[in-house]
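Novice: Here it is, the structure, as structure tokens.
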Amino acid sequence: MDSETVVHNGGCHCRNVRWRVRAPTSIVAWDCNCSNCFMRTNTHFIVPAERFELLGDSRQFLTTYTFGTHTAKHTFCKVCGITSFYIPRSNPDGVAVTFRCVDPGTLTHVEIKYFDGRNWDSSYNQTGIASLSKVQNPPAEGSE
234 MDSETVVHNG GCHCRNVRWR VRAPTSIVAW DCNCSNCFMR TNTHFIVPAE RFELLGDSRQ
294 FLTTYTFGTH TAKHTFCKVC GITSFYIPRS NPDGVAVTFR CVDPGTLTHV EIKYFDGRNW
354 DSSYNQTGIA SLSKVQNPPA EGSE
């Protein structure tokens, strides 16, 4: 699903946490049923960490929750409780952005795919989700 890469702005409900992310206008978001995502109804898209920037003094309003393997870093706003982004277990070198926390106007299409977080290992191996936090370099001129 190729589309133009743009800067999306977003954040939490009270706007104390603000960020920007470079991502396509058309994204694939993951609906996960792990115990945490399921309870929060968190549907997110994944980007390489270098394409995500936390803005201003947002960090002071964040707190982090971990469980299980403690690989995922579930960040949320201390004021309003919204998880607008987090570091996912599937992509510890990337950032999972809650697509509903992107400010209106820059996302043109959202395709939702299912990630079976209750059967994490098999879903991780079958979906190819790990590749989503890697920067994809365009082919060199004249090569294919």
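FYI, the numbering used here numbers position 53 of the sequence shown as 286, with every residue one higher than the one before it. Note that beta-carbon positions come from the ideal geometry of N, C-alpha and C, so glycine has one too.
#1: Going straight from the alpha carbon of His-277 to that of His-307, what length do you get?
#2: Could you name each continuous beta strand (DSSP E) segment of 3 residues or more that falls completely within the segment 256-306, going from the start of the chain to the end?
#3: Could you tell me whether the segment 319-337 touches the segment 274-289, using the rule of 3 or more Cβ pairs below 8 Å?
#4: Using a Cβ distance threshold of 8 Å, determine whether the segment 337-351 contacts the segment 284-302, with at least three qualifying pairs required.
#5: On a CA-only basis, which of Glu-237, Ser-236, Val-254 is nearest Gly-243? Give me that one, please.
#6: Classify His-246: buried if its beta carbon has 16 or more other beta carbons within 10 angstroms, exposed otherwise.
Specialist: According to the structure data:
#1: Cα to Cα, the separation comes out at about 12 Å.
#2: 259-265, 276-281, 285-287, 295-298, all fully within the segment 256-306.
#3: Under the three-pair Cβ rule at 8 Å, the segment 319-337 counts as touching the segment 274-289.
#4: No, the segment 337-351 does not touch the segment 284-302.
#5: Considering only alpha carbons, the answer is Val-254.
#6: Exposure of His-246 is indicated by the presence of fewer than 16 other C-beta atoms within 10 angstroms of its C-beta.
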